[in-house]
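Colleague: Quick note: the sequence shown uses my numbering, first residue 426, plus one each step. No residue lacks a Cβ here, since even glycine has one placed at the ideal position from N, Cα and C. Predicted model only: the values in this text are computed from it and were never measured.
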Amino acid sequence: GCHIHLNDSAISEELRKRRNPLDLAYAIVEYANLRLRDKFLDVALRHKADSLKIENEMDVQRLFTCPLSLHRELNKVCVCISPNDLDVFTPEWAELGSFRHYREWNRFVAGEADGLAMKALEAIGEVQSVSLGFRRLRRRVHPPLDEQIARWMQRSEDKN
Numbered sequence: 426g427c428h429i430h431l432n433d434s435a436i437s438e439e440l441r442k443r444r445n446p447l448d449l450a451y452a453i454v455e456y457a458n459l460r461l462r463d464k465f466l467d468v469a470l471r472h473k474a475d476s477l478k479i480e481n482e483m484d485v486q487r488l489f490t491c492p493l494s495l496h497r498e499l500n501k502v503c504v505c506i507s508p509n510d511l512d513v514f515t516p517e518w519a520e521l522g523s524f525r526h527y528r529e530w531n532r533f534v535a536g537e538a539d540g541l542a543m544k545a546l547e548a549i550g551e552v553q554s555v556s557l558g559f560r561r562l563r564r565r566v567h568p569p570l571d572e573q574i575a576r577w578m579q580r581s582e583d584k585n
């Protein structure tokens with residue numbers, strides 16, 4: 426399998442405050458899938474990959490896959506690939522004894538994906554949370570409980 430990673434800071438903090446980050450992530454993936462559909466079909470035909478699946482799944486095991494970790498089922502390394510090498514990548518790049526890894530995988534410019542995110546959101550729309558089986562993320566109304574307790578304890582100490 427292949428996972429596409431977009432650095433969260435490639436979408437500006439300002440945009441992440443205005444729009445639900447889950448909606449932005451979902452829309453970007455669906456937009457890319459839509460734009461690349463013909464290429465996916467070409468790959469499937471060239472490699473006789475009748476079972477090629479392109480999915481937009483968001484779950485814990487995908488959120489916490491980190492570079493150079495071992496795949497949970499296969500004897501493969503989770504490697505990063507330069508966008509410039511996508512056309513020449515082969516699965517052998519993930520072999521345990523001879524993996525090939527793009528060391529600049531975490532290079533980004535803050536806010537560089539804002540335009541893409543808004544274009545994708547306009548074209549695709551928000552994630553349909555009910556069908557995906559999770560609640561919509563809500564903005565926090567109150568500070569986290571540990572911060573409230575610490576503040577209360579500080580006030581109590583100040584009074585004594």
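Only counting the same chain, and skipping five residues up and downstream in sequence, which positions put a Cβ closer than 6 angstroms to that of ASN432?
Modeller: Within the sequence shown, numbered from 1, the residue matching residue 432 stands at position 7. So the qualifying residues of the chain are PHE533.
Colleague: Can you pull the DSSP bridge partners for GLU520?
Modeller: Taking the sequence shown and counting its residues from 1, the one referred to as residue 520 is at position 95. Its beta-bridge partners are LYS501.
Colleague: Taking all protein chains shown into account, do 16 or more other C-beta atoms lie within 10 angstroms of the C-beta of VAL454, making it buried, or fewer, making it exposed?
Modeller: On the sequence shown, position 29 is the one that residue 454 refers to. By the Cβ neighbour-count rule, VAL454 is buried, with 16 or more other Cβ atoms within 10 Å of its own.
Colleague: Of the choices ALA519, SER507, PRO508 and ASP510, whose alpha-carbon is the least far from that of LEU499?
Modeller: Taking the first residue of the sequence shown as position 1, residue 499 is located at position 74. Just measuring C-alpha positions, the residue of ALA519, SER507, PRO508 and ASP510 sitting nearest LEU499 is ALA519.
Colleague: Which residues mark the beginning and the end of the alpha helix (DSSP H) in which GLU480 is found?
Modeller: Position 55 of the sequence shown, counted from the first residue, corresponds to residue 480. First-last for GLU480: undefined, no H or E at that position.
Colleague: Label ILE436 either buried or exposed according to how many other C-beta atoms from any shown protein chain fall within 10 Å of its C-beta, with 16 as the threshold for buried.
Modeller: Stepping through the sequence shown from its first residue, residue 436 is reached at position 11. So ILE436 ends up on the buried side.
Colleague: From this set, SER523, LEU495 and GLU529, which residue's C-alpha is nearest ILE510's C-alpha?
Modeller: On the sequence shown, position 85 is the one that residue 510 refers to. The sequence shown places Asp at residue 510, rather than the Ile named in the question. Among SER523, LEU495 and GLU529, the Cα nearest to that of ASP510 is on GLU529.
Colleague: Going by alpha carbons, who is nearest to ILE479 out of PRO492, LYS464 and ARG471?
Modeller: Indexing the sequence shown from 1 puts residue 479 at position 54. Per the Cα distances, LYS464.
Colleague: Give the C-beta separation of LEU521 and VAL552 to the nearest angstrom, bearing in mind that I take them to be a contact with Cβ-Cβ under 8 angstroms.
Modeller: Counted from its first residue, the sequence shown places residue 521 at position 96. Counted from its first residue, the sequence shown places residue 552 at position 127. The beta carbons of LEU521 and VAL552 sit about 36 angstroms from each other, so the pair does not count as a contact at 8 angstroms.
Colleague: Secondary structure at LEU495, three-state DSSP: helix, strand or coil?
Modeller: In the sequence shown, counting from the first residue as 1, residue 495 sits at position 70. Strand, per DSSP.
Colleague: Where SER494 and MET483 are concerned, what is the direct C-alpha to C-alpha distance, given to the nearest angstrom?
Modeller: Here residue 494 refers to the residue found at position 69 of the sequence shown. Here residue 483 refers to the residue found at position 58 of the sequence shown. Cα to Cα, the separation comes out at about 19 angstroms.
Colleague: Given a cut-off of 8 angstroms, decide if VAL504 and ARG471 are closer than it, judged by their beta-carbon atoms.
Modeller: In the sequence shown, counting from the first residue as 1, residue 471 sits at position 46. In the sequence shown, counting from the first residue as 1, residue 504 sits at position 79. Cβ atoms of ARG471 and VAL504: not closer than 8 angstroms.
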